[in-house]
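*Asks:* Please see the structure below; I have some questions.
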Amino acid sequence: MKRVVREVGTPVPAAVTPSPDVPGTQVVTVLKADISGSTALGEKLDPEELRSVLGSYFAALAREIHRRGGVVDKYIGDAVLAVFGVPETRDDDAERAVVCAVAMQEAIERENIALHERYGVMLACRIGIATGPVVAGAIAGDVQASDTVVGAPVALAESLESATPLGSVLVSPATRKAAAGAIRFGPREDAHPKGGGSALAAYRVVGLRQATREVMNVAQGIATSASLQIMSERAYQLAEQRKVVTVLFADIVSSEPLGSKLAPSELRAVFGAYFGVLARAIQHYGGTIDKYIGDAVMAVFGAPVSHEDDGIRAVRAALEIQRSARSLNETLERSYGITISIRIGVNTGEVVAGLLSGDVLAYTVTGDAVNTAQRIEAAASPGAVLISESTRALTRNAFFFGDPEAILVKGKSEPLPVSRVLGLERRASPRGGPKIVGRAHELARLYGLYRASLTGRGQIVHVHGEAGVGKTRLIGELLSGLPGQTTRLRARANSYEQATPYALVADIVRRMLAIGPADDEANARAAIAAAPDFASYGDAAVALLLELIGYEVRSPLDPAGKRRLLLSLLRGALAGRAAAAPLVIVVEDLHWRDVSSAEVIAELVGTMRDLRCLFVTTARERTDITWQAEVLGLESLSDDAASELIDRLATAPLDAPTKTLILERTGGNPFFIEEVVRSLKPGKEVTVPGTVQDLLEAHLDDLDEAPRRVAQDAAVIGRTFWTRVLERVTPEAEYATSLGTLEDERFVSRVAVAEPTYAFVHALVQEVAYRTQLVTNRRRTHVAVGDAYITLFEQRMDEFIDTLAFHYRRGDDDPKAVHWLLRAGHRAQRLYANTEALDYFAAAVERASADSLGRADGLEALGDVLRVIGRYDDALARYAGALDALGATDPVSRGRVRRKSAVVRHIQGDVAGAAAVFGEVIDALSDAPGERAHSLLAMGEIAWRSGRYDEAQERLEAAVTAAEAAGDDEARAEALKHMGTVSHHRGDLEKALAFDRQSLDLYEALGNQLGQAALEHNIGVVSRRHSRLDEARAAYDRANAIRKRIGDQLGLALGLANVAEVHYQRGELAEAYASYERSLAIARSIGWVTGIGMALLGLGATKVELGERTPGREDIREALREYERAGNRTYMIDALRDLAQSYVADDPIEALATATRALSLAREAELTQRSGYMLQVIGLAHLERGARD
836 MKRVVREVGT
846 PVPAAVTPSP
856 DVPGTQVVTV
866 LKADISGSTA
876 LGEKLDPEEL
886 RSVLGSYFAA
896 LAREIHRRGG
906 VVDKYIGDAV
916 LAVFGVPETR
926 DDDAERAVVC
936 AVAMQEAIER
946 ENIALHERYG
956 VMLACRIGIA
966 TGPVVAGAIA
976 GDVQASDTVV
986 GAPVALAESL
996 ESATPLGSVL
1006 VSPATRKAAA
1016 GAIRFGPRED
1026 AHPKGGGSAL
1036 AAYRVVGLRQ
1046 ATREVMNVAQ
1056 GIATSASLQI
1066 MSERAYQLAE
1076 QRKVVTVLFA
1086 DIVSSEPLGS
1096 KLAPSELRAV
1106 FGAYFGVLAR
1116 AIQHYGGTID
1126 KYIGDAVMAV
1136 FGAPVSHEDD
1146 GIRAVRAALE
1156 IQRSARSLNE
1166 TLERSYGITI
1176 SIRIGVNTGE
1186 VVAGLLSGDV
1196 LAYTVTGDAV
1206 NTAQRIEAAA
1216 SPGAVLISES
1226 TRALTRNAFF
1236 FGDPEAILVK
1246 GKSEPLPVSR
1256 VLGLERRASP
1266 RGGPKIVGRA
1276 HELARLYGLY
1286 RASLTGRGQI
1296 VHVHGEAGVG
1306 KTRLIGELLS
1316 GLPGQTTRLR
1326 ARANSYEQAT
1336 PYALVADIVR
1346 RMLAIGPADD
1356 EANARAAIAA
1366 APDFASYGDA
1376 AVALLLELIG
1386 YEVRSPLDPA
1396 GKRRLLLSLL
1406 RGALAGRAAA
1416 APLVIVVEDL
1426 HWRDVSSAEV
1436 IAELVGTMRD
1446 LRCLFVTTAR
1456 ERTDITWQAE
1466 VLGLESLSDD
1476 AASELIDRLA
1486 TAPLDAPTKT
1496 LILERTGGNP
1506 FFIEEVVRSL
1516 KPGKEVTVPG
1526 TVQDLLEAHL
1536 DDLDEAPRRV
1546 AQDAAVIGRT
1556 FWTRVLERVT
1566 PEAEYATSLG
1576 TLEDERFVSR
1586 VAVAEPTYAF
1596 VHALVQEVAY
1606 RTQLVTNRRR
1616 THVAVGDAYI
1626 TLFEQRMDEF
1636 IDTLAFHYRR
1646 GDDDPKAVHW
1656 LLRAGHRAQR
1666 LYANTEALDY
1676 FAAAVERASA
1686 DSLGRADGLE
1696 ALGDVLRVIG
1706 RYDDALARYA
1716 GALDALGATD
1726 PVSRGRVRRK
1736 SAVVRHIQGD
1746 VAGAAAVFGE
1756 VIDALSDAPG
1766 ERAHSLLAMG
1776 EIAWRSGRYD
1786 EAQERLEAAV
1796 TAAEAAGDDE
1806 ARAEALKHMG
1816 TVSHHRGDLE
1826 KALAFDRQSL
1836 DLYEALGNQL
1846 GQAALEHNIG
1856 VVSRRHSRLD
1866 EARAAYDRAN
1876 AIRKRIGDQL
1886 GLALGLANVA
1896 EVHYQRGELA
1906 EAYASYERSL
1916 AIARSIGWVT
1926 GIGMALLGLG
1936 ATKVELGERT
1946 PGREDIREAL
1956 REYERAGNRT
1966 YMIDALRDLA
1976 QSYVADDPIE
1986 ALATATRALS
1996 LAREAELTQR
2006 SGYMLQVIGL
2016 AHLERGARD
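Structural data, given as structure tokens:
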């Protein structure tokens, strides 16, 4: 006799003893319908999209079931089980079920129309129907009960469904016999159910014999087990939401149907005992029985209520089910001569959970995670627990596992990794660990780097580690321990600003100048103007920095000029502060950096290496920086350090088992430890979450409805949020009370700024509050946030362009998204932030599918940026797309886009093709003088660059006329400038100067300072080349004054070099020397390679002329190296020429070698004039050599 071993307190399954008052069976017809293709579709779709698709199909199927008087027993992943004949049997239940099946197939075909239009796929349905006696009513009554039916017809309907061809209906012989009067069936066929087994006799439905009655007695909704776990005051938790859950499927494995050996009353008792085993284990570990499916059960851990350790709970429940089943088998074998085996599959993943919409009241979870769990269960051996890779990762420290294996799963494109659970791990193996306890080594290293920086050798360090590992706490400890005279600057990148050009740099500037987010323009302007670091740049610095940090101010510089000035400003500010006191700069969360800021910071690193400065960055990955740095990786805390942290955080001493459990489950992550310890409450069972996601989802579920909703709305706004924006977004009137609750529960904390502001205490808190919302809800809230900003800051829109683009891009209002994405793209374009501009414009095009004009605008803008960065073929493709979007409705816009395409073709060398398009645009737009003017300008430029000066003059004169007619003074000024160039090339100095001055007058009237500087520069060049040096110097001085005023660093470096040339030509070598040095300093500050070479070359030639031949030659060689690095062959020849000339008098052999190299380069480049110069130098060297010989 087998020995029965039970744990103390384990209930004896008394339900296995037949009771004389157990009701008998009743005859019903069971319909099982499975939607095929949803598993594969689930791999492609987000869980929310999949739920929407299946919800639509299920609603259609449920309507047909209810119309024919059936009851939806349950939804099973992508299947539905219906019963005809409960609670009362009818004489036509079989007929009703078959007619319903035919109608369901028709409903599937109707739903497929919309699905195919949206996703390009269609689903199919297979249906199996069986009729016979079942046990109906409540089962597992001592625990979590549910009304269902159990018996052979349920299993038979499932087997028939698995054997049915797609789009067909198979019925059992009993169903055919009962419905033969109304339905036409095909001949008997053998059906082969999935998984093998004996063939089943079946009949295929081929049609209806007569019109059927429309039965309208719709069944009532049945409360689900999930709703039984939620009190009425927390019913909001049944609303649809995204959750990470662990799904458990358990099913009986039997060599033959139990009904064939047991009487109905015995069958009911056995199933009652079996379901009791399942229900007690699931309920004990906090799971929800989603549904009973014949003799199978689906349970969910993590919905509707999350726990901190749902994955562990699910696997423990599975092991408990198997243990209890072994115990139950002893009683079953003794009482009935039978045993049962159970196979269990477990999977963890993201789902959409909530009440299904429609006629049937059913709480369930939908997503690929459900189907995968069911497939894993089907692959498990009898008596085994098989889990997915995701569940194993979540529970790896709590159990022993077998070796991973891969199984082939229906609907999956790749084999699925699974593991068998072997048993509980009594002592989990903790991972080693990171945070401020246990950070002595890391702190010592940082302080050592700080001391090294005091010598004037800047130190660069990058701290990286996973979220929650303690990077921020470590930095805080460093900064708090620095000497009082140290200047500290701390900035942070934000996730929602990754597409905002210079967002991180703007934060650095704000913090450097103590400009708060809520400060108006006047305060910001005063702060910039008062900063000694920027005083020498005057209004140029004020304009640029105000534009950079988001105020409605425009610097007159072009995008490249803005970037150069910004680098100069920041280099000067850092140098000034480091000279005054030791400087420590911290930039955190670089994994959320914007591209433009990253590029600027990378250039500033070189400056910081020569300063009394410690520069520290933090990020999640080591690879989040592009520059060389000392790398400091933070690992998890050691056991001793983690234990010390627990002791510091606990409000009362913890017992050893509790402390050990926390150590095992937290893995040494300091943030995780802190959150777990703070979540402990007196009298509450101590549990430890498997992941931070589990923990924070559980904390969210513990909140009441109002603070939970406020947390979710705030998460959409961002990591940091203003209360007045939140007030506009949340419908909760008592949002202040909710914020207080969130602050008490450590979800958010107040930020010490003038504007009432809160921040989530950690990025992960915000992420979980954000991700648990349905995408549809998030999209609505993003629009509400954007609308709130517009309402609150109507007069300051330019400050929030990128914020509005961020929210509307993620919202569900396409017109608003297109508008603000285009505005943000144009702002990025102005700032020369081409990566961000491309991203914004591409997003605008994507959202403008129903807006042809918006799509055309976005495509044209994409073409403009792609042209600037040299991706010419891509630019042409976008311009072609813009023309398609415009159609034939807007000839002026079409002409503009065609002209831009021709500009690209001209750049690519197709001069004739470009000219042809310009000519077509000119001919087609006789009524659009403005666009004609631009095309005529382009034609004129092509002509003078080709040496056709008469044609150029004619085109440019026509451009002036068209520009005057259009009132386009910019185009008119540009045309006059080109006319000056034409006259200059013809040798007509007076006319060239006259055109240049006319152009200059127009630019002055327009306030176009870049244009003014360019014209003054041109006037200077023309005058110098005709030896009118006084006029040249005066023009250069005027150009340089403008460039200095607006901060045009590149232009200023060029202008100073031109002034030096004038001094050199006059023989004023000391003055030339000084001007070249000033030009060199500016060129180096902005990293302008050509300018550096130009200044060094002039400086070297001047030194040689002054008799300082050795240092002069070294300057010329350095210039040559700069030109070689830039690949500028023309200037390389000039440098070699000056170097050769410096050797003619004292080393003619070296002069010959250098000049010969220059001549070779000149001839390769077909530069005839420079070849002539080099022949002259070679001749002089030969003469000098001959004289010596």
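The opening position of the sequence shown corresponds to residue 836 in our numbering, with each subsequent residue numbered one higher. Every residue gets a Cβ at the ideal spot worked out from N, C-alpha and C, and that includes glycine.
#1: May I ask you to report which of helix, strand or coil DSSP gives ASN1329?
#2: How many angstroms separate the CA atom of VAL1272 from the CA atom of ASP1429?
#3: Report, in whole angstroms, the separation of the C-beta atoms of ILE1968 and ALA1993, which I expect to be a contact under 8 Å.
#4: When you compare the region 1116 to 1136 with the region 897 to 914, are there three or more beta-carbon pairs, one atom per stretch, that lie closer than 8 Å?
#5: Please report how far the alpha carbon of PRO1239 lies from the alpha carbon of ASP1474, in whole angstroms.
#6: With DSSP as the reference, label THR1442 as helix, strand or coil.
#7: Can you tell me whether ILE1861 is helix, strand or coil according to DSSP?
#8: Specify the secondary structure class of ILE1420 as computed by DSSP and reduced to three states.
#9: Would the region 1493 to 1508 count as touching the region 1320 to 1330 if we require 3 or more Cβ pairs under 8 Å?
#10: Specify the secondary structure class of MET1632 as computed by DSSP and reduced to three states.
#11: From which residue to which residue does the alpha helix (DSSP H) around SER1834 run?
#12: Grab the span of the beta strand (DSSP E) containing PHE1084 for me, first residue to last.
#13: Which whole-angstrom value is the C-beta distance of ALA936 and ILE964, which I expect to be below 8 Å?
#14: Measure the beta-carbon distance from ARG1702 to VAL1756 and round it to whole angstroms, keeping in mind my assumption that it falls under 8 Å.
#15: Beta-carbon separation of ALA1930 and SER1914 under 9 Å?
#16: Given TYR1871, which residues of its chain have a CB within under 6 Å of its CB, disregarding the five upstream and five downstream residues?
#17: Mind reading off the beta-carbon distance from PRO1591 to THR1558? Whole number of angstroms is fine, and I expect it under 8 Å.
#18: Taking the straight line between their C-alpha atoms, what separation do you get for LEU1666 and ARG1398?
#19: Compare the Cα-Cα distances from ALA1793 to each of GLY1660, ARG1360 and HIS1769 and report the closest residue.
#20: Is any heavy atom in the ligand FMN found nearer than 8 Å to the beta carbon of GLU1312?
#21: Using only alpha-carbon positions, find the residue among PHE1084, TRP1427 and ILE1508 that is nearest to TYR1337.
#22: Can you give the Cα-Cα distance for ARG1077 and ALA1598, rounded to whole angstroms?
#23: Smallest Cα separation from PRO1000: which of LYS1012, GLU1024 and PRO1008?
#24: Cα-Cα, which of GLY1815, ALA1228, ARG1011 and ASN1206 is closest to VAL933?
#25: Look at the alpha carbon of HIS1813 and the alpha carbon of LEU1791, and state the distance between them as a whole number of angstroms.
#26: Suppose you measure from the CA of ALA1810 to the CA of LEU1627; what does that come to, to the nearest Å?
#27: Give me whichever residues DSSP pairs with MET1133 in a beta bridge.
#28: Between ALA1275 and chain B, is any beta-carbon pair separated by less than 9 Å?
#29: Who are the near neighbours of TYR1285 in its chain, counting only those whose CB is closer than 6 Å to its CB and skipping five residues on each side?
#30: Closest to ILE1147 by CA distance: which of LEU1083, ALA1204 and ARG1115 is it?
#31: Buried or exposed: which applies to GLY1525, given that a residue is buried once 16 or more other Cβ atoms fall within 10 Å of its Cβ?
#32: For the putative contact between VAL1112 and VAL1296, defined by C-beta atoms under 8 Å, what is the C-beta separation to the nearest angstrom?
#33: Per DSSP, which residues does GLU1165 bridge with? Please list them.
#34: So the beta strand (DSSP E) TRP1557 belongs to, where does it begin and stop?
#35: Do three or more CB pairs link the region 1115 to 1122 to the region 1226 to 1242 at distances below 8 Å?
#36: On the CB-based measure, 16 or more other CB atoms within 10 Å of its CB, does TYR2008 come out buried or exposed?
*Replies:* In this structure, then:
#1: ASN1329: coil per DSSP, three-state reduction.
#2: If you take the alpha carbons of VAL1272 and ASP1429, they lie about 32 Å apart.
#3: With 8 Å as the limit, ILE1968 and ALA1993 qualify as a contact, their Cβ atoms being about 5 Å apart.
#4: Counting C-beta pairs with one atom in each stretch, the region 1116 to 1136 and the region 897 to 914 have three or more that are closer than 8 Å, which means they touch.
#5: A straight-line Cα-Cα distance of about 29 Å links PRO1239 and ASP1474.
#6: THR1442 falls in the helix class under three-state DSSP.
#7: In the sequence as presented, Ile is not what sits at residue 1861; that position holds His. Here HIS1861 sits in coil by DSSP.
#8: Under the three-state reduction of DSSP output, ILE1420 falls in the strand class.
#9: Touching, no.
#10: Note: MET1632 maps to helix in three-state DSSP.
#11: 1824 to 1841 is the span of the alpha helix (DSSP H), which, as asked, contains SER1834.
#12: Note, PHE1084: beta strand (DSSP E), 1076 to 1088.
#13: About 6 Å; that satisfies the 8 Å criterion.
#14: Incorrect: roughly 17 Å between the Cβ atoms, too far for contact.
#15: For ALA1930 and SER1914, yes; Cβs fall inside 9 Å.
#16: GLY1855, GLY1890, ASN1893 and VAL1894, listed in sequence order.
#17: The pair is a contact, with the Cβ atoms about 4 Å apart (cut-off 8 Å).
#18: Rounded to the nearest angstrom, the two C-alpha atoms are 7 Å apart.
#19: Selection GLY1660, ARG1360 and HIS1769 evaluated against ALA1793 yields HIS1769 as nearest (Cα-Cα).
#20: Of ligands this structure carries none, so the ligand FMN is not represented either.
#21: Answer by Cα proximity: TRP1427.
#22: Taking the Cα positions, ARG1077 is about 18 Å away from ALA1598.
#23: It is GLU1024 whose Cα lies nearest to the Cα of PRO1000.
#24: The alpha carbon of VAL933 has as its nearest neighbour, out of GLY1815, ALA1228, ARG1011 and ASN1206, the alpha carbon of ARG1011.
#25: Cα to Cα, HIS1813 sits roughly 7 Å from LEU1791.
#26: Per the coordinates, the alpha-carbon of ALA1810 lies some 45 Å from the alpha-carbon of LEU1627.
#27: Answer is PHE1084 and LYS1126, bridged to MET1133.
#28: This model lacks chain B altogether, as it is built from one protein chain only.
#29: Counting only Cβ-Cβ distances below 6 Å, and skipping sequence neighbours, we find LEU1449.
#30: Closest in C-alpha terms to ILE1147, from the list LEU1083, ALA1204 and ARG1115, comes LEU1083.
#31: Annotation note: pLDDT 45 at GLY1525 (below 50); position unreliable, coordinate value reported separately. Result: buried.
#32: Incorrect: roughly 59 Å between the Cβ atoms, too far for contact.
#33: Answer is none; GLU1165 lacks a bridge partner.
#34: Under the DSSP assignment, TRP1557 falls in the beta strand (DSSP E) whose first and last residues are 1555 to 1557.
#35: The region 1115 to 1122, when compared against the region 1226 to 1242, does not touch it at the 8 Å Cβ threshold.
#36: With 16 or more Cβ atoms within 10 Å of its Cβ, TYR2008 is classed as buried.
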